[in-house]
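Residue -12 in the numbering used here sits at position 2 of the sequence shown, with consecutive numbering throughout.
Some notes on the structure that comes next.
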Amino acid sequence: MTEPNGLHRDNVAVLIPALNEVLRIREVVQDALAYCPHVIVVDDGSDDGTSEAIADLPIVLLRHPHRMGKGASLRDGFAEAMRRGMRAVVTMDGDGQHLGADVPRLIAAANRHPHCLINGARLRKRSQQPLYRRIGNDFGDWGISLVCGFQIRDTQCGQRLYPAALCSLGDIPGEDFVYEAQLLLSAARELGMRVVSVPIESRYKTVHSGDQFRKSHFRVFRDLYKITSHVVAQGLRYGNTLAYCRRSHAHPPVIDDANGEFGTVFAPAQVRG
């Protein structure tokens, strides 16, 4: 049940950064609209007709004149959501891998865990994820968790719920996929937020599936190097590195899963412990 002063579909926005997503963007936006009336799309300088494919839909459409990166798209989307008085923002990728049906589940988890960043974790059908992506994700989880001071599952998923306090923080460094990693660090080290993971569905192209997806913008070696370098630098800047590394081992990932398949729903006091 939604708390009287909690989050709900009318005070949460769905933010979709998009770069050349004409293949799936219309169905992604329509899927999001089915669960939330406030949808913001930031077209990051697409040249394939992405904006034109959704121009008639009841959304807020922002357009960059040229490619500025995912970090810039998220910053602009957060600012627009805060300007409109939203209390949280759920992000979704524009390539069709995330489902709008998971948006209410993220909102419900946020109400159970106030002052937490709710992270979609691609735990279901994980075997469908390309092997090199799984290895890269595991490495990223390990490094980011050390700096945050607690373990996180799937630190590179693009479907998350960000509380307004984090969206409004400002001066968050990093560009492209590095920015998403820094959001986790800023939530933990600057705002004292814990990250709670919610198992979500995620779709990938396989030999047994007829679904079509554009090639991922994430380049494992290039982007993991950028993320790793940034996380190491930020860990040194924040200080207390060894203490946080030890702390991360003592704080396992918190997984909000009412079905008990991957974990249990923790009380807020347990989450912050």
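C-beta atoms are modelled at their ideal positions from N, C-alpha and C, and glycine is treated no differently.
| Asked | Found |
| --- | --- |
| Sequence-distant residues of the same chain with beta carbon closer than 6 Å to Arg53, five excluded per side | Asp30 and Gly31 |
| Beta-carbon contacts of Gly80 that lie in its chain and below 6 Å, excluding the five residues immediately before and after | Ile2, Ala4, Glu7, Ile11 and Val14 |
| Neighbourhood of Val164 by C-beta distance below 6 Å, restricted to the same chain and skipping five residues each side | Lys212, Ile213 and His216 |
| Anticipated Cβ contact below 8 Å, Leu(-7) with Asn97, distance rounded | 6 Å |
| Closest residue to Leu85 among Phe64, Thr227 and Ala20 (Cα-Cα distance) | Ala20 |
| Simplified DSSP assignment, three categories, for Cys102 | strand |
| Of the listed residues Asp243, Val89, Val218 and Asn(-9), nearest to Cys231 (C-alpha basis) | Val218 |
| Residue closest to Ser236, alpha-carbon to alpha-carbon, out of Gly135, Asn226, Arg(-5) and Ala167 | Reading off the sequence, residue 236 comes out as Ala, not Ser. Of Gly135, Asn226, Arg(-5) and Ala167, the residue nearest in Cα terms is Gly135. |
| Span separating the alpha-carbon of Gly63 from that of Ile158 | 14 Å |
| Burial state of Pro238 (16 or more Cβ within 10 Å) | exposed |
| Top-ranked residue by Cα proximity to Leu132, from Ala58, Ala174 and Asp42 | Ala174 |
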